[in-house]
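Below is one structure, written out as C-alpha coordinates; the observations come after it.
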Amino acid sequence: MEVSSFEEIAATFKERIERMVWCNMATVDRRDRPRSRIVHPLWEGNISWITTRRNMHKTKHLAHNPYVSLAYIADVAKPVYVDCKTEWIEDLALKQHVWQLCLEAAPPLGFDPASIYGRVDHPDFAVLKLMPWRIDLVSPPAEHLVWHAPE
15 MEVSSFEEIA ATFKERIERM VWCNMATVDR RDRPRSRIVH PLWEGNISWI
65 TTRRNMHKTK HLAHNPYVSL AYIADVAKPV YVDCKTEWIE DLALKQHVWQ
115 LCLEAAPPLG FDPASIYGRV DHPDFAVLKL MPWRIDLVSP PAEHLVWHAP
165 E
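Each step along the sequence shown adds one to the number in the numbering used here, with nothing skipped, and position 58 is 72.
Structure (C-alpha coordinates):
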(Lines of atoms letter the chains of each structure in order from A and count residues from 1; the text may use other names and numbers.)
(Lines give C-alpha, C1' and ligand atoms only; values in the text may rest on other atoms or scores of the structure.)
Protein backbone atom coordinates (compact mmCIF):
# COMPACT_ATOMS: atom_id res chain seq x y z
CA MET A 1 0.00 0.00 0.00
CA GLU A 2 1.39 3.37 -0.99
CA VAL A 3 1.58 5.98 1.75
CA SER A 4 1.62 9.65 0.85
CA SER A 5 3.87 11.02 3.58
CA PHE A 6 6.90 9.75 5.44
CA GLU A 7 5.17 10.63 8.73
CA GLU A 8 2.69 7.77 8.10
CA ILE A 9 5.49 5.21 8.46
CA ALA A 10 8.03 7.17 10.54
CA ALA A 11 7.39 5.47 13.91
CA THR A 12 7.41 1.92 12.52
CA PHE A 13 10.43 2.69 10.35
CA LYS A 14 12.39 4.10 13.32
CA GLU A 15 11.47 1.18 15.58
CA ARG A 16 12.57 -1.43 13.04
CA ILE A 17 15.84 0.17 11.94
CA GLU A 18 16.89 0.98 15.50
CA ARG A 19 16.27 -2.62 16.54
CA MET A 20 18.59 -3.84 13.79
CA VAL A 21 21.20 -0.99 13.89
CA TRP A 22 23.37 -2.47 11.12
CA CYS A 23 22.11 -3.15 7.60
CA ASN A 24 23.25 -4.50 4.28
CA MET A 25 24.07 -1.88 1.64
CA ALA A 26 24.30 -2.86 -2.03
CA THR A 27 26.09 -0.79 -4.64
CA VAL A 28 26.88 -1.37 -8.31
CA ASP A 29 30.52 -1.49 -9.39
CA ARG A 30 32.06 0.07 -12.50
CA ARG A 31 31.29 -3.12 -14.46
CA ASP A 32 27.62 -3.02 -13.36
CA ARG A 33 27.95 -5.92 -10.92
CA PRO A 34 26.27 -5.75 -7.51
CA ARG A 35 28.32 -5.64 -4.34
CA SER A 36 27.06 -5.59 -0.77
CA ARG A 37 28.53 -4.84 2.62
CA ILE A 38 27.37 -4.22 6.19
CA VAL A 39 27.08 -0.56 7.23
CA HIS A 40 25.93 1.41 10.28
CA PRO A 41 23.70 4.30 9.23
CA LEU A 42 22.45 6.95 11.64
CA TRP A 43 19.04 8.33 10.72
CA GLU A 44 17.54 11.78 11.18
CA GLY A 45 13.96 11.33 10.04
CA ASN A 46 14.19 10.17 6.45
CA ILE A 47 17.82 11.22 5.91
CA SER A 48 20.68 8.92 6.85
CA TRP A 49 24.39 9.41 7.46
CA ILE A 50 27.15 6.83 7.21
CA THR A 51 30.64 7.49 8.55
CA THR A 52 33.28 5.76 6.49
CA ARG A 53 36.59 6.18 4.70
CA ARG A 54 36.90 7.54 1.16
CA ASN A 55 39.50 4.96 0.09
CA MET A 56 36.99 2.09 0.04
CA HIS A 57 35.54 0.20 -2.95
CA LYS A 58 32.19 1.88 -2.38
CA THR A 59 33.73 5.25 -3.33
CA LYS A 60 34.44 4.01 -6.86
CA HIS A 61 31.06 2.28 -7.04
CA LEU A 62 29.21 5.44 -6.00
CA ALA A 63 31.16 7.51 -8.53
CA HIS A 64 29.81 5.12 -11.18
CA ASN A 65 26.28 4.95 -9.76
CA PRO A 66 25.20 7.05 -6.74
CA TYR A 67 22.23 4.80 -5.88
CA VAL A 68 22.25 2.19 -3.11
CA SER A 69 19.81 -0.27 -1.63
CA LEU A 70 19.68 -0.98 2.11
CA ALA A 71 18.16 -4.06 3.75
CA TYR A 72 17.40 -4.23 7.47
CA ILE A 73 16.37 -7.74 8.48
CA ALA A 74 16.16 -8.16 12.26
CA ASP A 75 12.92 -10.11 11.81
CA VAL A 76 12.58 -12.03 8.53
CA ALA A 77 8.82 -11.40 8.63
CA LYS A 78 9.30 -7.62 8.94
CA PRO A 79 12.23 -6.45 6.82
CA VAL A 80 12.80 -2.85 5.80
CA TYR A 81 14.14 -1.99 2.35
CA VAL A 82 15.42 1.52 1.64
CA ASP A 83 16.50 2.68 -1.82
CA CYS A 84 18.57 5.87 -1.76
CA LYS A 85 20.57 8.35 -3.71
CA THR A 86 23.90 9.16 -2.05
CA GLU A 87 26.07 12.23 -1.77
CA TRP A 88 29.54 12.66 -0.25
CA ILE A 89 29.64 15.45 2.33
CA GLU A 90 32.66 17.75 2.16
CA ASP A 91 31.40 20.58 4.39
CA LEU A 92 33.27 20.48 7.73
CA ALA A 93 30.31 21.92 9.68
CA LEU A 94 28.05 19.14 8.41
CA LYS A 95 30.72 16.53 9.18
CA GLN A 96 30.86 17.97 12.71
CA HIS A 97 27.07 17.61 12.95
CA VAL A 98 27.28 13.93 12.00
CA TRP A 99 30.21 13.42 14.42
CA GLN A 100 28.01 14.83 17.21
CA LEU A 101 25.11 12.59 16.18
CA CYS A 102 27.42 9.59 16.60
CA LEU A 103 28.47 10.78 20.05
CA GLU A 104 24.98 11.68 21.26
CA ALA A 105 23.00 8.67 20.01
CA ALA A 106 22.42 6.04 22.67
CA PRO A 107 24.26 2.74 22.20
CA PRO A 108 24.12 0.59 20.18
CA LEU A 109 23.33 3.31 17.62
CA GLY A 110 25.86 5.79 18.96
CA PHE A 111 29.61 5.40 19.13
CA ASP A 112 32.73 7.51 19.47
CA PRO A 113 34.00 8.17 15.93
CA ALA A 114 37.37 9.29 17.36
CA SER A 115 38.11 5.65 18.13
CA ILE A 116 38.06 4.99 14.37
CA TYR A 117 38.94 8.28 12.66
CA GLY A 118 40.81 10.27 15.29
CA ARG A 119 39.27 13.67 14.63
CA VAL A 120 36.52 15.20 12.53
CA ASP A 121 38.96 16.95 10.17
CA HIS A 122 41.06 13.83 9.58
CA PRO A 123 41.49 13.14 5.84
CA ASP A 124 40.25 9.55 6.32
CA PHE A 125 36.96 10.66 7.90
CA ALA A 126 34.19 10.73 5.31
CA VAL A 127 30.44 11.16 5.57
CA LEU A 128 27.99 9.70 3.12
CA LYS A 129 24.49 11.19 3.03
CA LEU A 130 21.67 8.86 2.02
CA MET A 131 18.46 10.37 0.66
CA PRO A 132 15.75 7.71 0.26
CA TRP A 133 13.54 7.80 -2.78
CA ARG A 134 11.69 4.65 -1.68
CA ILE A 135 11.10 2.96 1.70
CA ASP A 136 9.32 -0.41 1.89
CA LEU A 137 8.10 -1.81 5.22
CA VAL A 138 7.14 -5.46 4.81
CA SER A 139 4.61 -6.94 7.27
CA PRO A 140 3.10 -10.20 5.97
CA PRO A 141 0.29 -11.05 5.67
CA ALA A 142 -0.59 -7.34 5.49
CA GLU A 143 0.31 -5.25 2.47
CA HIS A 144 3.71 -3.59 2.27
CA LEU A 145 3.77 0.03 3.34
CA VAL A 146 5.68 1.87 0.63
CA TRP A 147 6.70 5.53 0.70
CA HIS A 148 8.19 7.39 -2.25
CA ALA A 149 9.94 10.72 -1.86
CA PRO A 150 8.29 13.56 -3.76
CA GLU A 151 10.01 14.21 -7.07
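Heads up, the beta-carbon is just placed ideally off N, CA and C, and yes, glycines get one too.
Between K72 and E101, the C-beta gap is not smaller than 7 Å, which leaves the two residues out of contact.
Between the region 53-60 and the region 113-123 there are three or more C-beta pairs closer than 8 Å, enough to call the two in contact. Check the Cα spacing between T41 and each of P122, D97, R148, D89: the tightest is with D97. The beta carbons of V134 and W63 sit no closer together than 7 Å.
Runs of the beta strand (DSSP E) lying entirely within the region 81-138 and spanning at least 3 residues, in chain order: 81-86, 94-103. One alpha carbon belongs to E104, the other to R51, and they sit about 23 Å apart.
For I31, the enclosing alpha helix (DSSP H) starts and ends at 24-34. Rounded to whole angstroms, the gap between the alpha carbons of R30 and H78 is 30 Å.
Contact between P127 and T65 holds: their C-beta atoms lie close to 6 Å from each other, under 8 Å.
In the same chain as L151, and ignoring 5 residues on each side of it, the C-beta atoms closer than 8 Å to its own belong to I23, T26, F27, R30, K92, V94, H158, L159, V160, in chain order. Within the same chain, E157, H158, L159, V160 come within 8 Å of M15 by CB-CB distance, once the 5 residues on both sides are set aside. Rounded to whole angstroms, H75 and V82 show a C-alpha spacing of 10 Å.
Cα atoms of G124 and V35: separation of roughly 10 Å, rounded to the nearest angstrom. Cα atoms of S18 and H162: separation of roughly 8 Å, rounded to the nearest angstrom.
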